[in-house]
Amino acid sequence: MNEVMDAPSLATILTATLLIAGAAVTLIGSVGLLRFSGFYQRVHAPTLGTTLGTIFIAAASMIYFSTLGIRPVLHELLIIVFIITTTPITLMVLVRAARFRDGAGSKPGGHGEK
Amino acid sequence: MSTMFSWSITTAQILLSLAMACAAFRILWGPRAQDRVVGFDTLSVNAMLLLLAFGIRSGSALYFESALIVGLLGFVSTVALAKFLLRGEVIE
Chain A
1 MNEVMDAPSL
11 ATILTATLLI
21 AGAAVTLIGS
31 VGLLRFSGFY
41 QRVHAPTLGT
51 TLGTIFIAAA
61 SMIYFSTLGI
71 RPVLHELLII
81 VFIITTTPIT
91 LMVLVRAARF
101 RDGAGSKPGG
111 HGEK
Chain B
115 MSTMFSWSIT
125 TAQILLSLAM
135 ACAAFRILWG
145 PRAQDRVVGF
155 DTLSVNAMLL
165 LLAFGIRSGS
175 ALYFESALIV
185 GLLGFVSTVA
195 LAKFLLRGEV
205 IE
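As structure tokens, then:
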């Protein structure tokens with residue numbers, strides 16, 4: 001009985017794998033944020049961590065808490081939907097601000113004028 | 115909770131802490147203001163993921179609420195900072 005209790009179940013293995021995968025993807029995105037040279041390259045790297053890492057870690061939390069039976073699993077879907085929605089908005093707004101600060105508003109076709 | 119599971123949670127927390135350190139270095143050494151804003155956005159999302167990992171380790175549902183609040187405030191403050199970079203003021 002004790003060995004059965006100690007043996008890792010499928011949900012435990014799935015939770016651990018998703019946690020480490022999400023944390024590794026987030027670390028890769030943050031290292032890309034640290035190592036890239038220009039701003040327009042640098043702004044792309046953390047979106048990998050924010051979307052894919054959030055999906056993986058929230059799925060791990062969802063699987064773990066639904067296995068424990070503490071609460072329903074739908075809470076983490078809120079975080080996933082929120083992050084997927086807000087990451088492109090953040091990137092678009094930041095790149096627009098950076099283009100304006102780089103003086104792209106004076107070029108034809110730019111839209112950074114006041 | 116088996117030994118393998120707690121070890122994997124510890125590994126995930128160490129990886130997320132390294133990611134937060136990378137974002138903090140970008141905030142400290144960012145050559146321009148928009149680099150610091152991107153670093154802050156990454157730092158807030160990494161803090162949210164670290165809170166989710168803490169919630170899995172402790173088995174408590176309270177960490178989820180704080181993770182949601184950290185993510186929401188990170189998005190709002192990033193958009194406010196980008197608006198400040200674009201216009202010079204947040205509310206006009």
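Protein chains in written order, with our numbering: chain A, 1 to 114; chain B, 115 to 206. Note that the Cβ used here is the ideal one computed from N, Cα and C, for glycine as well. Predicted, not measured: the structure shown is a model, and the values here were computed from it.
At a CB-CB cut-off below 8 Å, which residues of chain B make contact with residue i?
i: residue 33 of chain A; result: 136, 137, 140, 152, 153, 156
i: residue 37 of chain A; result: Within chain B, no residue comes near residue 37 of chain A; the closest Cβ sits about 10 Å away, beyond 8 Å.
i: residue 46 of chain A; result: 137, 152, 155, 156, 159
Please report the straight-line C-alpha distance between residue i and residue j, rounded to a whole angstrom.
i: residue 4 of chain A; j: residue 132 of chain B; result: Confidence in residue 4 of chain A is poor, its pLDDT being 45 and thus under 50, which makes the residue's placement too unreliable to answer from.
i: residue 202 of chain B; j: residue 136 of chain B; result: 28 Å
i: residue 129 of chain B; j: residue 118 of chain B; result: 16 Å
i: residue 91 of chain B; j: residue 9 of chain A; result: Outside the displayed range of chain B (115 to 206) lies residue 91 of chain B, so it cannot be described from this structure.
i: residue 173 of chain B; j: residue 116 of chain B; result: 14 Å
i: residue 84 of chain A; j: residue 183 of chain B; result: 16 Å
i: residue 122 of chain B; j: residue 205 of chain B; result: 45 Å
i: residue 192 of chain B; j: residue 155 of chain B; result: 6 Å
i: residue 103 of chain A; j: residue 68 of chain A; result: 55 Å
i: residue 66 of chain A; j: residue 180 of chain B; result: 19 Å
i: residue 168 of chain B; j: residue 20 of chain A; result: 13 Å
i: residue 17 of chain A; j: residue 188 of chain B; result: 27 Å
i: residue 62 of chain A; j: residue 74 of chain A; result: 8 Å
i: residue 34 of chain A; j: residue 190 of chain B; result: 23 Å
In chain B, what lies closer than 9 Å to residue i by C-beta?
i: residue 60 of chain A; result: 126, 166, 167, 170
i: residue 79 of chain A; result: 162, 166, 178, 181, 182, 185
Strictly below 7 Å CB to CB, what residues from chain B border residue i?
i: residue 43 of chain A; result: 152
i: residue 93 of chain A; result: 193, 196
i: residue 30 of chain A; result: 133, 136, 137, 156, 160
Among the options, which has the Cα closest to the Cα of residue i?
i: residue 42 of chain A; options: B:161, B:153, B:183; result: B:153
i: residue 159 of chain B; options: A:61, A:99, A:86; result: A:86
i: residue 54 of chain A; options: B:146, B:185, B:175; result: B:185
i: residue 58 of chain A; options: B:174, B:172, B:178; result: B:178
i: residue 30 of chain A; options: B:143, B:134, B:150, B:172; result: B:134
i: residue 27 of chain A; options: B:157, B:121, B:172, B:149; result: B:157
i: residue 126 of chain B; options: B:139, B:170, B:141, B:180; result: B:170
i: residue 139 of chain B; options: A:99, A:15, A:18, A:36; result: A:36
Measure how close the beta-carbons of residue i and residue j come, nearest whole angstrom, since I'm counting them as under 8 Å.
i: residue 146 of chain B; j: residue 39 of chain A; result: 7 Å
i: residue 97 of chain A; j: residue 148 of chain B; result: 6 Å
i: residue 91 of chain A; j: residue 47 of chain A; result: 6 Å
i: residue 163 of chain B; j: residue 22 of chain A; result: 7 Å
i: residue 199 of chain B; j: residue 101 of chain A; result: 6 Å
So which residues on chain A does residue i lean against when the C-beta distance must stay under 7 Å?
i: residue 200 of chain B; result: 96, 97, 100
At a CB-CB cut-off below 8 Å, which residues of chain A make contact with residue i?
i: residue 123 of chain B; result: 16, 19
Subject >> In chain order, each alpha helix (DSSP H) run of at least 4 residues that lies wholly inside the stretch 50–75 of chain A >> reply: Within the stretch 50–75 of chain A, complete alpha helix (DSSP H) segments of at least 4 residues are found at 54–68, given in chain order.
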